[in-house]
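Participant: Let me give you the structure first, and then I'll get to my questions.
Numbering (the numbering used here), first residue to last: 4 to 295.
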């Protein structure tokens, strides 16, 4: 079996953005020794992630779950470190039996992405406080169902969290004792203190291409760098979150798994380590967490 040089632990080659070049994108990654986990965000993309993974003998895996933004119909449009992210979200109920069936597939290595997203856009800010609170409660309820599913199939979680780290940490401090396989904080955007709390709870921290971006605010100049510097390499994963937030020097292009090397290079630069050291350890971390 060919061994990977890097693992993109969070890709979305299963999204429609890749409908015309999916095979080419995957081939480019595999030719460079990059394995990937394609992550579902709702039923359709979860099913597609599994279907794609089954086409390949090795190197391509899937995660299945219901993203918190898909719990109501909405037009998602926001800035992430200066990058515009847009997509239309369709409301979906969490179907335990459906996701359980998908989760049992041997190509599925994690449950997610799931979690909490309390970033309410301008069109939602005028909503009654009771409706906002109700949506937060619903997100928490569905996240708990993902935790239960993860325990049922003994697979780790891939957690999405935006503007909700304190609430998520509170939940994990109560529930993680029962979570047998822990997981990863995908596209980490919290503080160093929050990162340390997640690590104390047994979770990995995953960094995306945004760590390669110049800071938007002077006060943020060293925020990401300091978090990367302080966290043990043994608790770090790398990802692209493609097709979004392509790293420098590919910024502005459609992101893809082969670009995960730029994220690893930045981690190496910040930590003063060799690229090979970072690539080797983050790959080891991913293989241990996901059992691949």
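Note that beta-carbon positions come from the ideal geometry of N, C-alpha and C, so glycine has one too.
Using alpha carbons as the reference points, say which of 257, 120, 100 lies closest to residue 171.
Facilitator: Out of 257, 120, 100, 120 has the C-alpha closest to the C-alpha of residue 171.
Participant: Can you name the residues that DSSP bridges to residue 42?
Facilitator: Paired residues: 66.
Participant: Along the alpha helix (DSSP H) that carries residue 165, what are the first and last residues, could you check?
Facilitator: Not the alpha helix (DSSP H): residue 165 falls in the beta strand (DSSP E), residues 160–165.
Participant: If you count every other CB in all the chains shown that lies within 10 Å of the CB of residue 244, and 16 or more means buried, which is it?
Facilitator: When all chains shown are included, residue 244 counts as buried.
Participant: Whole angstroms is fine: what's the gap from residue 182's alpha carbon to residue 150's?
Facilitator: Computed Cα separation, rounded: 7 Å.
Participant: So, at 7 Å on beta carbons, what are the nonlocal neighbours of residue 18 in its own chain, with the 5 sequence-adjacent residues on each side left out?
Facilitator: Within the same chain, residue 18 has close Cβ partners 48, 246.
Participant: Alpha carbons only, please: which of 46, 5, 108 is nearest the one belonging to residue 56?
Facilitator: If we check each option's Cα against that of residue 56, 108 comes out closest.
Participant: Taking the alpha carbon of residue 9 as the reference point, which residue from 45, 259, 264, 168 has its own alpha carbon closest?
Facilitator: The shortest Cα separation from residue 9 among 45, 259, 264, 168 belongs to 264.
Participant: If you reduce the DSSP assignment to three classes, tell me which class residue 209 lands in.
Facilitator: Three-state result, residue 209: strand.
Participant: Look at the alpha carbon of residue 163 and the alpha carbon of residue 204, and state the distance between them as a whole number of angstroms.
Facilitator: Looking at the two C-alpha atoms, the distance is approximately 16 Å.
Participant: Apart from the five residues just before and just after residue 147, which ones in its own chain have a Cβ nearer than 8 Å to its Cβ?
Facilitator: Excluding positions up to five away in sequence, the list reads 174, 178.
Participant: What separation, rounded to the nearest whole angstrom, lies between the Cα atoms of residue 232 and residue 196?
Facilitator: Roughly 13 Å separates the two Cα atoms.
Participant: Please confirm whether residue 46 and residue 101 have their CB atoms less than 8 Å apart.
Facilitator: Yes, they are a contact pair.
Participant: Reducing DSSP to helix, strand and coil, say where residue 119 ends up.
Facilitator: Three-state DSSP puts residue 119 in a strand.
Participant: Which term fits residue 7, buried or exposed, when burial requires 16 or more other beta carbons within 10 angstroms of its beta carbon?
Facilitator: It counts as buried.
Participant: Give the DSSP bridge partners of residue 186, in chain order.
Facilitator: Answer is 160, bridged to residue 186.
Participant: With DSSP run on the structure shown, which of helix, strand or coil describes residue 239?
Facilitator: Three-state DSSP puts residue 239 in a strand.
Participant: Compute the Euclidean distance between the alpha carbons of residue 4 and residue 284, then round it to the nearest angstrom.
Facilitator: Cα-Cα distance, rounded: 19 Å.
Participant: Whole angstroms is fine: what's the gap from residue 256's alpha carbon to residue 262's?
Facilitator: Near 11 Å, if we compare the C-alpha coordinates of residue 262 and residue 256.
Participant: So, is residue 30 buried or exposed, given that buried needs 16 or more other C-beta atoms within 10 angstroms?
Facilitator: That one is exposed.
Participant: With 16 other CB atoms within 10 Å as the buried threshold, where does residue 235 fall?
Facilitator: Result: exposed.
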